[in-house]
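Let me begin by presenting the structure, written as C-alpha coordinates, before commenting on it.
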Amino acid sequence: MTAADPASLAALHAQAFAAPWGADTFVDLLSQPGVLAVSEADGFILIRTVVDEAEILTLAVVPSARRHGLGRRLVEGAAVAAVQAGATRLFLEVADDNVAARGLYERTGFDPIGRRKAYYAGADGSRTDAVVMSRDLCAPDANLTLP
-14 MTAADPASLA ALHAQAFAAP WGADTFVDLL SQPGVLAVSE ADGFILIRTV
36 VDEAEILTLA VVPSARRHGL GRRLVEGAAV AAVQAGATRL FLEVADDNVA
86 ARGLYERTGF DPIGRRKAYY AGADGSRTDA VVMSRDLCAP DANLTLP
(Lines of atoms letter the chains of each structure in order from A and count residues from 1; the text may use other names and numbers.)
(Lines give C-alpha, C1' and ligand atoms only; values in the text may rest on other atoms or scores of the structure.)
Protein backbone atom coordinates (compact mmCIF):
# COMPACT_ATOMS: atom_id res chain seq x y z
CA MET A 1 0.00 0.00 0.00
CA THR A 2 1.30 3.41 -0.92
CA ALA A 3 0.27 6.98 -0.18
CA ALA A 4 -2.28 7.95 -2.79
CA ASP A 5 -2.23 11.24 -4.64
CA PRO A 6 -5.79 12.14 -5.75
CA ALA A 7 -4.62 13.89 -8.93
CA SER A 8 -2.55 10.86 -9.98
CA LEU A 9 -5.42 8.49 -9.24
CA ALA A 10 -7.80 10.68 -11.27
CA ALA A 11 -5.34 10.73 -14.19
CA LEU A 12 -5.06 6.92 -14.16
CA HIS A 13 -8.84 6.56 -13.81
CA ALA A 14 -9.32 8.84 -16.85
CA GLN A 15 -7.12 6.55 -18.94
CA ALA A 16 -9.02 3.45 -17.82
CA PHE A 17 -12.67 4.57 -17.96
CA ALA A 18 -14.96 6.38 -20.38
CA ALA A 19 -16.67 8.14 -17.42
CA PRO A 20 -13.75 8.79 -15.04
CA TRP A 21 -13.87 10.11 -11.51
CA GLY A 22 -12.29 13.51 -10.90
CA ALA A 23 -9.61 14.39 -8.37
CA ASP A 24 -12.27 15.84 -6.04
CA THR A 25 -13.92 12.43 -5.83
CA PHE A 26 -10.63 10.86 -4.80
CA VAL A 27 -9.96 13.62 -2.25
CA ASP A 28 -13.37 12.92 -0.73
CA LEU A 29 -13.00 9.13 -0.74
CA LEU A 30 -9.46 9.11 0.66
CA SER A 31 -10.55 11.37 3.52
CA GLN A 32 -13.11 8.80 4.67
CA PRO A 33 -12.25 6.29 7.40
CA GLY A 34 -11.35 2.85 6.10
CA VAL A 35 -10.64 3.88 2.50
CA LEU A 36 -7.30 2.57 1.25
CA ALA A 37 -5.48 2.67 -2.09
CA VAL A 38 -3.01 0.16 -3.44
CA SER A 39 -1.23 1.60 -6.45
CA GLU A 40 1.49 1.04 -9.01
CA ALA A 41 2.65 3.25 -11.86
CA ASP A 42 -0.02 2.04 -14.32
CA GLY A 43 -2.95 1.29 -12.05
CA PHE A 44 -4.55 1.25 -8.65
CA ILE A 45 -7.34 -0.27 -6.61
CA LEU A 46 -9.39 1.56 -4.01
CA ILE A 47 -11.13 -0.30 -1.19
CA ARG A 48 -13.26 0.64 1.79
CA THR A 49 -13.20 -1.43 4.98
CA VAL A 50 -15.95 -1.34 7.58
CA VAL A 51 -15.65 -3.60 10.63
CA ASP A 52 -15.00 -7.07 9.14
CA GLU A 53 -16.01 -6.40 5.53
CA ALA A 54 -14.27 -4.64 2.66
CA GLU A 55 -15.49 -3.47 -0.72
CA ILE A 56 -13.58 -2.74 -3.90
CA LEU A 57 -14.67 0.74 -4.95
CA THR A 58 -12.74 0.84 -8.21
CA LEU A 59 -9.89 -0.88 -10.02
CA ALA A 60 -8.14 1.04 -12.79
CA VAL A 61 -5.42 -0.25 -15.10
CA VAL A 62 -4.32 1.82 -18.09
CA PRO A 63 -5.01 0.05 -21.40
CA SER A 64 -1.32 -0.42 -22.31
CA ALA A 65 -0.71 -2.30 -19.03
CA ARG A 66 -3.66 -4.68 -19.26
CA ARG A 67 -3.23 -8.45 -19.56
CA HIS A 68 0.21 -8.36 -17.91
CA GLY A 69 -0.71 -9.30 -14.32
CA LEU A 70 -1.11 -5.82 -12.85
CA GLY A 71 -4.83 -6.21 -12.15
CA ARG A 72 -4.16 -9.48 -10.34
CA ARG A 73 -1.38 -7.89 -8.23
CA LEU A 74 -3.65 -5.01 -7.31
CA VAL A 75 -6.53 -7.30 -6.33
CA GLU A 76 -4.20 -9.44 -4.22
CA GLY A 77 -2.68 -6.32 -2.64
CA ALA A 78 -6.15 -5.09 -1.80
CA ALA A 79 -7.04 -8.44 -0.23
CA VAL A 80 -3.94 -8.26 1.98
CA ALA A 81 -4.71 -4.64 2.93
CA ALA A 82 -8.29 -5.62 3.75
CA VAL A 83 -7.14 -8.45 6.04
CA GLN A 84 -4.68 -6.11 7.75
CA ALA A 85 -7.59 -3.72 8.36
CA GLY A 86 -9.62 -6.54 9.96
CA ALA A 87 -11.80 -7.66 7.05
CA THR A 88 -12.73 -11.30 6.58
CA ARG A 89 -14.67 -10.87 3.33
CA LEU A 90 -14.14 -8.70 0.25
CA PHE A 91 -17.03 -7.62 -1.99
CA LEU A 92 -17.37 -5.89 -5.36
CA GLU A 93 -19.80 -5.07 -8.11
CA VAL A 94 -18.83 -5.56 -11.75
CA ALA A 95 -20.76 -4.91 -14.95
CA ASP A 96 -22.29 -8.12 -16.24
CA ASP A 97 -20.92 -7.42 -19.72
CA ASN A 98 -17.34 -6.73 -18.52
CA VAL A 99 -16.03 -10.18 -19.39
CA ALA A 100 -12.36 -9.35 -18.75
CA ALA A 101 -13.00 -7.95 -15.26
CA ARG A 102 -15.31 -10.81 -14.32
CA GLY A 103 -12.63 -13.27 -15.41
CA LEU A 104 -10.00 -11.49 -13.31
CA TYR A 105 -12.20 -11.56 -10.24
CA GLU A 106 -13.09 -15.23 -10.72
CA ARG A 107 -9.39 -16.11 -11.12
CA THR A 108 -8.62 -14.26 -7.87
CA GLY A 109 -11.15 -16.21 -5.82
CA PHE A 110 -14.38 -14.22 -6.10
CA ASP A 111 -17.74 -15.94 -6.47
CA PRO A 112 -20.95 -14.36 -7.76
CA ILE A 113 -23.47 -13.94 -4.94
CA GLY A 114 -26.11 -11.65 -6.42
CA ARG A 115 -27.18 -9.25 -9.12
CA ARG A 116 -28.26 -5.60 -9.17
CA LYS A 117 -30.61 -5.09 -12.09
CA ALA A 118 -29.88 -2.14 -14.40
CA TYR A 119 -27.22 -0.85 -11.98
CA TYR A 120 -24.83 0.77 -14.47
CA ALA A 121 -25.90 3.48 -16.93
CA GLY A 122 -24.31 3.60 -20.37
CA ALA A 123 -23.55 6.83 -22.23
CA ASP A 124 -26.35 5.95 -24.67
CA GLY A 125 -28.90 5.59 -21.86
CA SER A 126 -28.74 1.80 -21.79
CA ARG A 127 -28.60 -0.03 -18.48
CA THR A 128 -26.40 -3.00 -17.50
CA ASP A 129 -26.77 -5.33 -14.55
CA ALA A 130 -24.06 -5.50 -11.90
CA VAL A 131 -22.88 -8.88 -10.67
CA VAL A 132 -22.15 -8.79 -6.94
CA MET A 133 -19.15 -10.94 -6.06
CA SER A 134 -17.53 -11.95 -2.79
CA ARG A 135 -14.25 -13.47 -1.66
CA ASP A 136 -13.70 -15.16 1.70
CA LEU A 137 -10.41 -13.80 3.00
CA CYS A 138 -10.17 -16.37 5.81
CA ALA A 139 -10.70 -19.53 3.77
CA PRO A 140 -7.86 -22.06 3.89
CA ASP A 141 -7.35 -21.55 0.14
CA ALA A 142 -7.32 -17.73 0.37
CA ASN A 143 -3.59 -17.79 -0.48
CA LEU A 144 -2.83 -14.42 1.07
CA THR A 145 0.78 -13.56 1.78
CA LEU A 146 0.81 -11.18 4.70
CA PRO A 147 3.99 -9.24 5.48
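Following the working numbering, the numbering of the sequence shown begins with -14 at its first residue and continues without gaps. Positions of the beta carbon are idealized from the N, C-alpha and C atoms, including for glycine. Since the model is a prediction, treat every value here as computed from it, not as a measurement.
Exposure label - residue i; buried when at least 16 CB within 10 Å
| i | result |
| --- | --- |
| His53 | exposed |
| Ser24 | buried |
| Phe2 | exposed |
| Val84 | exposed |
| Arg100 | exposed |
| Pro48 | exposed |
| Ile98 | exposed |
| Gly7 | exposed |
| Thr(-13) | Here Thr(-13) scores only 48 on pLDDT, less than 50, and its place in the model should not be relied on; the value that follows carries that caveat. Result: exposed. |
| Gly71 | exposed |
| Val12 | exposed |
| Val36 | exposed |
| Ala4 | exposed |
Nearest-angstrom Cα separation, counted from residue j out to residue i
| i | j | result |
| --- | --- | --- |
| Ala86 | Lys102 | 18 angstroms |
| Tyr187 | Arg74 | Outside the displayed range of the chain (-14 to 132) lies residue 187, so it cannot be described from this structure. |
| Ser(-7) | Ser119 | 28 angstroms |
| Leu89 | Ala80 | 13 angstroms |
| Ala66 | Ser111 | 35 angstroms |
| Asp(-10) | His(-2) | 12 angstroms |
| Phe76 | Gly28 | 19 angstroms |
Contacts around residue i, its chain only, beta-carbon distance under 8 angstroms, and the 5 residues preceding and following it disregarded
| i | result |
| --- | --- |
| Arg92 | Arg57 |
| Glu78 | Arg101, Tyr104, Ala115, Val116, Val117, Met118 |
| Gln17 | Arg33 |
Sequence-distant residues of its chain with Cβ nearer than 7 angstroms to residue i (five each side left out)
| i | result |
| --- | --- |
| Ala106 | Arg112 |
*Any alpha helix (DSSP H) of 4 or more consecutive residues that is wholly inside the stretch 6 to 53*: Counting whole runs of 4 or more residues, the stretch 6 to 53 contains the alpha helix (DSSP H) stretches 8 to 15.
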